[in-house]
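First the structure, in the form of structure tokens, and then the observations on it.
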Amino acid sequence: MYIGKTSGDNYSYNIRNLDRGVWILGATRFIRAFGRGSTFIFVPLIFIITYHISFIETGLFLGSATLLMAVIQYFSGILTDKIGRRVILVYSQIPAVFLYLLIYYSIAVPHYFLLLLASWFGTIIINSIQYPAVQAAVADVTSVHDRLSGYTIMRIMANLGIAIGPLMGAILASYGLQYIFLVSSIVTVVEIFMLYYLMKETYNPREHASLKRGELTKSYSRDRFFVIFIVIGIILGFFMRQRGSTFTVYTIYIQHLPFLYLGYVWALNGFLVVILQFPLLRMMTKYGNSMLWRGVGSLFYAVGFLFLTYTPTLGILLAFMAISTFGEDLVSPTTQSIITTIAPDNMRGSYIGVYNLYTSIGGFAGAIIGMYLLFVLENVSATYWIYIALGSVIVGGMYVSISRLFSKRFSTVVKEESVQPQT
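What follows is the structure in structure tokens.
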């Protein structure tokens, strides 16, 4: 575990001196996003177009997947704090190779919807098992002040893959949606080998107090700031879900735009993250604090959603994605930084799991209600996006309202870290 001397009440900009483990994990995030980045975009279309599943049923499947993901991450977070990170990082992904091959088959031979559904839910479970270990490992090798820089590297590498992956997926989709999942299977093999040969263990549970029964619930339920952060995260999850599967269905199924448009839009998202994240990191570490910038990011999301009230052309879709990506750059990298900063050392993975478990309620509701409202307001879809924009503004105000509370909490954590012996 990294213990360094820190000062001040905000995260710092420190890219060059980050631990090697951050860069290795970042490289595997790139590989994963490159190979799997298209899957979350095109799965709703496979349900609706290939198997003729209704909007509501599709929303129910997507929402259920969100809840399942969160439950698995909750227990996986506890597990990674008990046994360490590396075993989960490496071995949890082996089944994914075969699950993506099964999805490939169920799309190429579209007579086995239950096989498709089971395989897809299987990939959700596998990916969820690994997530807390990845995020906790970054916290293990960074100081409190350097943590946002570490997660920023992870995000940039992942979005570099997102910039390429969905565009490749859109091209593959023109030949057959199944080929997206064949590539996902192949790339997962590469990810597994990279983690096995390059990644060392970052957390030895024997050097920390073991997590006792009931201790986790007792710890986070008494943490007033964390509880407030979770509540706002639930609401955020509802509105941010509309940027994913709902936006995909709106673009392709309702507006009948080409698959390639989605490739262009998500490629723009990835490239903008790569280009903008370092300058925005400098700004976030120089002025204000992460909670304040989460509020500003939510306002960018709102402006982006408002662009979808216009007749959707490629230009409008690109404008929506460009503006909302600014919001994403301010919100996404700060989430894990904040959670792992306030979490006890022996509960970092567990706190990530807890946050994802509760906030999945917002994603679940967002998937189902979003699809339902999109169906009801299909002929007046501009009204739908206005509602989503207004909700995003409210979320932004909530984050701004607790920014001072976060500054106080950050200062307390820094003081506690500075008195610990260096290991």
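When you line the sequence shown up against the working numbering, it's residues 1026 to 1448, in that order.
Yeah, the Cβ is synthetic: ideal placement off N, Cα and C, and Gly gets one too.
If you're wondering where the values come from, they're calculated on a predicted model, not measured in any experiment.
For Pro1120, the uninterrupted alpha helix (DSSP H) segment begins and ends at 1119-1133. In the DSSP assignment, Leu1339 falls within the unbroken alpha helix (DSSP H) covering 1339-1367. For Tyr1275, the secondary structure class from DSSP, reduced to helix, strand or coil, is helix. For secondary structure counted as the alpha helix (DSSP H) over 4 or more consecutive residues, the stretch 1174-1210 holds no complete run. Ser1037 carries a coil assignment under DSSP once its states are collapsed to helix, strand and coil.
Contact between the stretch 1122-1140 and the stretch 1196-1214 is present: three or more C-beta pairs spanning the two stretches fall below 8 angstroms.
The alpha-carbon separation between Ser1244 and Arg1429 amounts to approximately 22 angstroms. Judged by beta-carbon spacing, Phe1345 lies beyond the 8 angstroms limit of Leu1185, meaning their Cβ atoms are not closer than that value. For the options Gly1295, Thr1167, Leu1173, the alpha carbon positioned closest to that of Pro1191 is the one of Gly1295. Apart from the 5 residues on each side of it in sequence, Ile1419 sits with its Cβ closer than 8 angstroms to the Cβ of Ile1260 in its chain, given in chain order. Nearest C-alpha to Val1256 among Leu1415, Phe1389, Tyr1412, Tyr1380: Tyr1380. According to the DSSP assignment, Val1379 belongs to the alpha helix (DSSP H) that extends over 1373-1401.
Glu1216 sits close to Gln1118, with the two beta carbons spaced by under 8 angstroms.
Listed in chain order, the alpha helix (DSSP H) elements of length 4 or more contained wholly in the stretch 1234-1266 are 1240-1246, 1249-1265. By the neighbour-count criterion, in which a residue is buried when 16 or more other Cβ atoms sit within 10 angstroms of its Cβ, Glu1232 is exposed. Listed in chain order, the non-local C-beta contacts of Phe1080 below 8 angstroms within the same chain comprise Ile1073, Val1274, Met1396, Tyr1397, Leu1399, Phe1400, local neighbours out to five positions each way being set aside. Relative to the Cα of Gly1352, the nearest Cα in the group Ile1363, Ala1368, Phe1330, Thr1366 belongs to Phe1330. Here Met1308 is exposed, its C-beta having fewer than 16 other C-beta atoms within 10 Å.
By the criterion of a C-beta distance shorter than 6 angstroms, Thr1350 is surrounded in its chain by Asn1294, Leu1297, once the five residues flanking it on both sides are discounted. Under the 8 angstroms Cβ criterion, the stretch 1410-1419 counts as touching the stretch 1318-1328, having at least three qualifying pairs.
Bounds of the alpha helix (DSSP H) holding Thr1083 are 1080-1108. Rounded to whole angstroms, the separation of the alpha carbons of Gly1262 and Leu1070 is 21 angstroms. Taking C-beta separations shorter than 8 angstroms and ignoring five residues to either side along the sequence, the partners of Gln1302 in its chain run Thr1177, Arg1180, Ile1181, Asn1184, Asp1354, Pro1358, following chain order.
For Thr1213, the three-state secondary structure derived from DSSP is helix.
Pairing Gly1374 with Ala1161, the inter-Cα distance amounts to about 5 angstroms.
Only buried fits Gly1084, as 16 or more other CB atoms lie within 10 angstroms of its CB. Taking a C-beta distance under 8 angstroms as the contact criterion, Tyr1036 and Arg1172 qualify as a contact pair.
Comparing alpha carbon positions, the residue from Pro1369, His1077, Leu1093, Phe1067 closest to Arg1434 is Pro1369. Going by DSSP, Met1423 is part of the alpha helix (DSSP H) stretching over 1406-1426.
Proximity to Arg1266 across Thr1276, Ile1413, Lys1107 peaks at Ile1413, based on C-alpha coordinates. Three or more beta-carbon pairs separated by less than 8 angstroms are not found between the stretch 1135-1143 and the stretch 1098-1110, which leaves the two stretches without contact. Going by beta carbons, Gly1046 and Thr1227 fall inside the 8 angstroms limit. Taken through DSSP and simplified to helix, strand or coil, Gln1280 comes out as coil.
In the structure shown, Asn1294 adopts helical secondary structure according to DSSP, grouped into three states.
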